[in-house]
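Structure first, then comments.
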Ligand code: ADP
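Residue numbers (the numbering used here): 5 to 221.
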């Protein structure tokens, strides 16, 4: 028998104009969708949202976490900042407005994928607290778990790692805008109460992955 279908709560991102739109609810409950995917009915989709400076370790942890979850039989999928800017958000740059729109769009994609039953591993610098809070509210409106993971790596460690060469470019004057935590136009607002903090200066990748898996249970 099908479980009752929960209603969606009022949306934090309503349409910009009145286009005579009507929400059309489905009749499939999350537990039934999980069963159809061969999962226990309580293994529902959710979003793990990684935020932190460039080079803090978001993508590295996300790749290892995705492998781990798949090996555990959990349907996980990564949404990675630079990758998404190749397609869906190819039209966006790094101004404050574009960064906000970037996070709004990927937040909505994460919500859709989590509603579809996936464990979404979203790794975005997502420097603005208000943008991350809006993504959290989107998920709450859809009765989805949202776990904010602060990859808390000090700027000097990120700059020493410099996996993309961005900090070196900034130091040599080739990059003057848009580098979060360095450029005057690109501040980073750390989370105030994230579900999980990973200090990658102290904990290796495997330990970080284990911490996330524990936070999910
Ligand atoms: P981001 O996605 O946050 O920009 P990356 O994952 O691309 O960062 O780069 C992080 C760099 O730091 C990689 O070169 C990675 O090997 C290194 N690193 C060292 N220790 C850790 C750790 N504990 N967790 C994640 N990355 C680490």
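All C-beta atoms, glycine included, are put in the ideal place defined by N, C-alpha and C.
Everything numeric in this text was worked out from a predicted model, so none of it was measured.
Using a 10 Å radius around the Cβ and a threshold of 16 neighbouring Cβ atoms, would you call residue i buried or exposed?
i, result
"residue 143", "buried"
"residue 135", "buried"
"residue 183", "buried"
"residue 176", "exposed"
"residue 221", "exposed"
"residue 95", "exposed"
"residue 168", "exposed"
"residue 206", "exposed"
"residue 55", "buried"
"residue 53", "buried"
Relative to the C-alpha of residue i, which residue among the options is closest?
i, options, result
"residue 81", "105, 169 and 120", "120"
"residue 42", "58, 60, 77 and 179", "77"
"residue 122", "165, 38, 92 and 30", "38"
"residue 200", "168, 154, 188 and 160", "154"
"residue 98", "116, 19, 188 and 59", "188"
"residue 190", "104, 71, 26 and 92", "104"
"residue 71", "178, 213 and 218", "213"
Can you give me the start and stop residues for the alpha helix (DSSP H) that residue i sits inside?
i, result
"residue 109", "100-119"
"residue 39", "34-40"
"residue 161", "159-165"
"residue 145", "133-145"
"residue 219", "209-220"
"residue 232", "Lying before the first or after the last residue shown, residue 232 is absent from the chain, which here runs from 5 to 221."
For the beta strand (DSSP E) that residue i lies in, which residues bound it at each end?
i, result
"residue 82", "80-84"
"residue 202", "200-202"
"residue 73", "Here residue 73 belongs to no beta strand (DSSP E); instead the alpha helix (DSSP H) covers 62-75."
"residue 149", "149-155"
"residue 52", "50-55"
"residue 126", "123-127"
For the ligand HEM, I want to know if residue i counts as a neighbour, meaning its beta carbon is within less than 7 Å of at least one of the ligand's heavy atoms.
i, result
"residue 215", "Questions concerning the ligand HEM fall outside what the structure shown contains, since the ligands it does hold are the ligand ADP."
- Query: Are three or more beta carbon pairs between the stretch 137-151 and the stretch 107-119 nearer than 8 Å?
  - Reply: yes
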